[in-house]
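The sequence shown begins at 86 in this note's numbering and counts up by one.
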Amino acid sequence: MNEDYKLLKIFSGRANPSLAAKIAQYVGIPLGQATISSFPDGETFVKFNENIRGRDVFIVQPTCPPTNHNLMELLIMIDAAKRASAARVTAVIPFYGYARQDRKDQPRVSIAAKLVANLLVAAGANRVLTMDLHAQQIQGFFDIPVDHLTAVPVFYKYLETNNLLDLVVVSPDVGGIKMASTYSQLLGKGLALVVKKRIDAYHTEADFVVGDVQGKDVLIVDDLTETAGTVVSAANILKKRGARRIFAGISHAVLNQIGISRLRDSHLEALITTNSVPVPSVENLRLLVLDVAPLLGEAIKRIHTGMSVTSLFEVDGKKINL
């Protein structure tokens, strides 16, 4: 084992153990051993099966569905690590649930993204490592350091090796225009915007397209899809506007049955996503899952050794502006 990583420990909750194993493999250390189980009443039990006193502990646990269960499991793991005298505990949350509840957009509602931040700090987290937050300002909800990565370099490397000619990058809504602009600049491709309105939590309706997509390959980029309403309605109107082939590049595919059904019947030729959360197979849809373990693993190595993570925001000498 590299002496630089002698005090480094990586553990996994039950949300995405395969990703944690790949991260540990990239770092070059064995994945830490812990017992995680549930009592008959649903309570979570956590025990670390090895000495972590004075160690730099990283706990990998996206808060994907079942969201509340995985969040509580993460909090208990952090608490157990602190009580076992870990020198520092970093919560590695590839997908940060509750991120859409980041403001009071109507009366008498919670800012749950801030509540989750408070809970992580109260549990004993010293640092948070996450990726492609739904809203950038969530970093400011924490009073501890937050390293906010982006999967853009991973998507960029894939897209550069594939022959997508005359490509236009599309934001499926106004809120995603900055991410789409980042992809557009890095790839040196055109940019377009779909303007939509949300009907309810399960349905959106695309109104019109700003930009030229006639006869072009289209890449819809977004941070998250669950019911796939936004991406599918965007694909529908893009097809009506003459788009040739339609792809979607989405960081977190937190798909439920509604989303799977919609994607299966959509105009999408392929959905490109990452393994930030477990991704189910979708029949009759080309699903490409890119590996973010090297990205997260490199960040963990740099955080542990006190190095800068700035280089993770550059691809081919181009700086990524989020």
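Glycine included, every Cβ here is placed at the ideal spot set by N, Cα and C.
Excluding the five sequence neighbours on either side, which residues of its own chain have a C-beta within less than 6 Å of the C-beta of residue 298, listed in chain order? 253, 277, 323, 326 and 328
Evaluate residue 188 with the Cβ neighbour count: other Cβ atoms within 10 Å of its Cβ, from every protein chain shown; 16 or more gives buried, anything less gives exposed. exposed
Terminal residues of the beta strand (DSSP E) in which residue 373 lies: 371-375
Minimum C-alpha distance to residue 163 - residue among 240, 183 and 141: 141
Per-residue burial, residue 95 [other beta carbons within 10 Å of its own, 16 or more giving buried]: buried
Unbroken stretches of the beta strand (DSSP E), 3 residues or longer, contained in the region 234-287: 252-256 and 275-283
Are residue 183 and residue 375 touching if we call contact CB-CB under 8 Å? no
So for residue 311, helix, strand or coil by DSSP? coil
Three-way DSSP call (helix, strand, coil) for residue 366 in this model: coil
Could you tell me the boundaries of the beta strand (DSSP E) in which residue 361 lies? Where residue 361 is concerned, there is no enclosing beta strand (DSSP E), given that its DSSP letter is neither H nor E.
Name the residue from 201, 317 and 362 whose alpha carbon lies nearest to the alpha carbon of residue 337. 362
Residue 293 (DSSP reduced to helix, strand or coil): strand
Short check: CB of residue 215 to CB of residue 179, under 8 Å? yes
Using DSSP's beta-bridge definition, name the partner residues of residue 175. 143 and 212
Please report how far the alpha carbon of residue 380 lies from the alpha carbon of residue 390, in whole angstroms. 16 Å
Straight-line Cα distance separating residue 129 from residue 157: 8 Å
Proximity to residue 213 [Cα-Cα], best of 220, 233, 91 and 221: 233
Residue 139 versus residue 319: straight-line alpha-carbon distance, rounded: 50 Å
Mapping the DSSP letters down to three states, classify residue 346 as helix, strand or coil. helix
Rounded straight-line distance, which links the Cα of residue 335 to that of residue 279: 16 Å
Output the distance between the C-alpha atoms of residue 344 and residue 152, rounded to the nearest integer angstrom. 17 Å
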